[in-house]
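In this note's numbering, the protein residues as written are 5 to 452.
Quick look at the structure:
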């Protein structure tokens with residue numbers, strides 16, 4: 005093109021011109037659409053397109069000086085002080101595994117559609133580095149033609165394609181949080197591995213009555229920390245949540261990073277929310293024990309769970325590997341628990357899947373042992389502000405594998421409307437499918 009332009013100018017050829025054209029391709033297609041983002045009227049509207057706009061766009065060059073008859077700047081008459089070279093947009097390299105991303109997206113879509121969910125997220129982290137290997141969301145859209153998705157969202161039919169729910173939607177962690185209740189209790193001395201309570205199905209806390217998942221049943225009986233995690237006992241978690249106490253909880257929430265924005269380059273990230281001024285702190289701390297008085301983003305929760313895979317140190321998530329020639333460094337992790345505490349709780353989480361009474365026992369995989377935790381959290385009704393009996397967040401988080409937790413996998417399904425709502429039954433199958441993929445692809449080795 006440059007040579008042709010020079011010839012046209014030299015020989016004063018008319019009738020030949022140049023029209024700038026561009027082509028945008030999305031190799032990952034809809035599977036990574038909420039991560040990559042899209043343009044609206046030529047302007048980045050979401051995802052990394054928006055979050056990294058300045059780095060991706062680059063900067064036009066300027067030449068100031070005298071030109072010759074062909075319109076070219078005469079080198080020795082160029083004003084170097086006012087001129088600047090063009091700055092090309094930087095190449096950005098992500099940590100995502102494209103095949104795993106596509107697989108996770110497909111499995112998540114199947115489950116969300118089957119259960120009539122509002123939205124869902126599936127995250128795969130490298131436990132020791134925080135590298136995000138998959139960050140799938142549902143619903144997704146065609147990034148080459150986002151208009152239909154935008155129109156559906158405007159009608160209130162689907163969640164907006166302009167936000168990524170992994171960092172921009174706050175959800176209740178529910179019973180997945182019991183792992184942290186037990187860990188913090190062990191760490192602080194509020195309980196020991198041999199501590200126990202008697203669960204009769206419910207417990208009064210002030211004017212509030214906390215029930216176990218076994219509604220209307222006699223309860224779980226004698227419950228120690230390991231059994232609390234295995235069978236997901238609300239009464240035990242609430243009792244120990246109160247024993248831990250307000251000050252220890254506040255300190256943990258501040259240190260954990262849950263109340264900070266997840267910084268991975270995606271725009272619109274939200275910090276977790278915890279009402280420090282709850283009128284009845286006893287109820288607040290009791291319900292925090294099973295993850296009901298706090299809301300967090302899925303990516304925050306996933307990164308926090310890496311602590312049990314790293315001897316008590318939670319790693320920061322890392323979605324961007326390189327921007328231009330600059331490598332994005334892995335940030336130092338956050339020490340939350342002693343190594344002994346983290347390993348003890350990880351073994352307790354193994355019983356959720358491998359144990360006889362585990363809530364996730366249907367998720368067992370031949371050839372590998374899995375550790376994890378299910379969660380079924382009630383949501384507040386947006387109309388009444390009270391806890392709803394029909395709106396839930398269904399979650400499952402776990403490690404592949406339990407004895408060598410190289411990957412931390414979190415699945416959260418928001419507001420399933422049909423075919424069940426318990427975390428292990430709704431989110432669990434997506435977790436299991438991803439775990440099997442990691443094994444079959446060789447990303448994780450089986451046992452024996």
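C-beta atoms are modelled at their ideal positions from N, C-alpha and C, and glycine is treated no differently.
Next item on the list: Identify the continuous alpha helix (DSSP H) that holds residue 414 and give its terminal residues.
Entry: Start at 1 with the first residue of the chain shown, and residue 414 comes out as number 410. That residue, residue 414, is in no alpha helix (DSSP H); its beta strand (DSSP E) goes 411-418.
Checklist line | Distance, residue 10 Cα to residue 170 Cα | finding: As a position in the chain shown, residue 170 is number 166, starting the count at 1. As a position in the chain shown, residue 10 is number 6, starting the count at 1. Using only the alpha carbons, I get a separation of about 51 angstroms.
Notebook entry, point to check: Alpha carbon to alpha carbon, what distance is there between residue 184 and residue 107?
Noted result: Translated into the one-based positions of the chain shown, residue 107 becomes position 103. Translated into the one-based positions of the chain shown, residue 184 becomes position 180. Their Cα atoms are separated by approximately 30 angstroms.
Checklist line | Spatial neighbours of residue 353 in its chain, beta-carbon cut-off 8 angstroms, leaving aside the 5 residues before and after | finding: Here residue 353 is taken as the residue at index 349 of the chain shown, counted from 1. Excluding residues within five positions, the ones whose Cβ falls inside 8 angstroms are 183, 233, 312, 375, 376, 377, 402, 403, 406.
Margin query: Is the beta carbon of residue 305 closer than 8 angstroms to that of residue 133?
Written below: As a first step, residue 133 is located in the chain shown; it is residue number 129 there, counting from the start. As a first step, residue 305 is located in the chain shown; it is residue number 301 there, counting from the start. No, the pair does not count as a contact, with Cβ atoms beyond the cut-off.
Check: Where does the unbroken alpha helix (DSSP H) through residue 61 begin, and where does it stop?
Finding: Position 57 of the chain shown, counted from the first residue, corresponds to residue 61. Run containing residue 61: 57-61, per the alpha helix (DSSP H) assignment.
Margin query: Please state whether the Cβ-Cβ distance between residue 345 and residue 130 is less than 8 angstroms.
Written below: The count along the chain shown starts at 1 and reaches residue 345 at position 341. The count along the chain shown starts at 1 and reaches residue 130 at position 126. No, Cβ-Cβ distance for residue 345 and residue 130 is not below 8 angstroms.
Notebook entry, point to check: Near residue 239, what residues of its chain come up, given a Cβ to Cβ distance below 6 angstroms and the 5 sequence neighbours on each side ignored?
Noted result: The count along the chain shown starts at 1 and reaches residue 239 at position 235. Around residue 239: 203, 207, 216.
Check: According to the neighbour-count rule (16 or more other Cβ atoms, all chains shown, within 10 Å of its Cβ), is residue 31 buried or exposed?
Finding: Reading the chain shown from its first residue, position 27 is the one you call residue 31. Residue 31 should be labelled exposed.
Margin query: On the DSSP bridge list, what partners appear for residue 372?
Written below: Position 368 of the chain shown, counted from the first residue, corresponds to residue 372. Looking at the DSSP assignment, residue 372 forms a beta bridge with 369.
Notebook entry, point to check: How is residue 402 classed by DSSP in three states: helix, strand or coil?
Noted result: If you number the chain shown from 1, residue 402 lands on position 398. Note: residue 402 maps to strand in three-state DSSP.
Notebook entry, point to check: Is it buried or exposed for residue 165, if we count other Cβ within 10 angstroms and need 16 for buried?
Noted result: Translated into positions along the chain shown, residue 165 becomes position 161. Looking at its Cβ environment, which holds 16 or more other Cβ atoms inside 10 Å, residue 165 is buried.
Checklist line | Per DSSP, the bridge partner or partners of residue 443 | finding: Numbered from 1 along the chain shown, position 439 holds the residue referred to as residue 443. Paired residue(s): none; residue 443 is not in a bridge.
Next item on the list: Could you round the C-beta distance between residue 383 and residue 110 to whole angstroms and report it? I think they count as a contact, below 8 angstroms.
Entry: For this step, residue 383 is matched to residue 379 along the chain shown. For this step, residue 110 is matched to residue 106 along the chain shown. Wrong, their Cβ atoms sit about 26 angstroms apart, outside the cutoff.
Next item on the list: Just the C-alpha distance for residue 3 and residue 75, rounded to the nearest angstrom, thanks.
Entry: It is not possible to answer for residue 3, since the shown part of the chain is limited to 5 through 452.
Checklist line | residue 309, DSSP secondary structure in three states | finding: Residue mapping note: residue 309 aligns to position 305 of the chain shown, counting from 1. In the structure shown, residue 309 sits in a helix (DSSP, three-state: H, G or I).
Next item on the list: State whether the region 149-158 contacts the region 263-273, with contact taken as three or more CB pairs (one from each stretch) at a distance under 8 angstroms.
Entry: no
Check: Using a Cβ-Cβ distance under 8 angstroms, would residue 404 count as near chain D?
Finding: Absent from the structure is chain D; it holds one protein chain and no more.
Check: For residue 416 versus residue 428, is the C-beta spacing smaller than 8 angstroms?
Finding: Within the chain shown, numbered from 1, the residue matching residue 416 stands at position 412. Within the chain shown, numbered from 1, the residue matching residue 428 stands at position 424. For residue 416 and residue 428, no; Cβs fall outside 8 angstroms.
Next item on the list: Determine, using beta carbons only, whether residue 92 and residue 46 come nearer to each other than 8 angstroms.
Entry: Position 88 of the chain shown, counted from the first residue, corresponds to residue 92. Position 42 of the chain shown, counted from the first residue, corresponds to residue 46. Not a contact, by the Cβ cut-off of 8 angstroms.
Notebook entry, point to check: Apart from the five residues on each side of it in sequence, which residues of its chain come closer than 6 angstroms, Cβ to Cβ, to residue 112?
Noted result: Residue numbering aside, residue 112 sits at position 108 when the chain shown is read from its first letter. These residues qualify, in order along the chain: 124, 126, 140, 142, 434.
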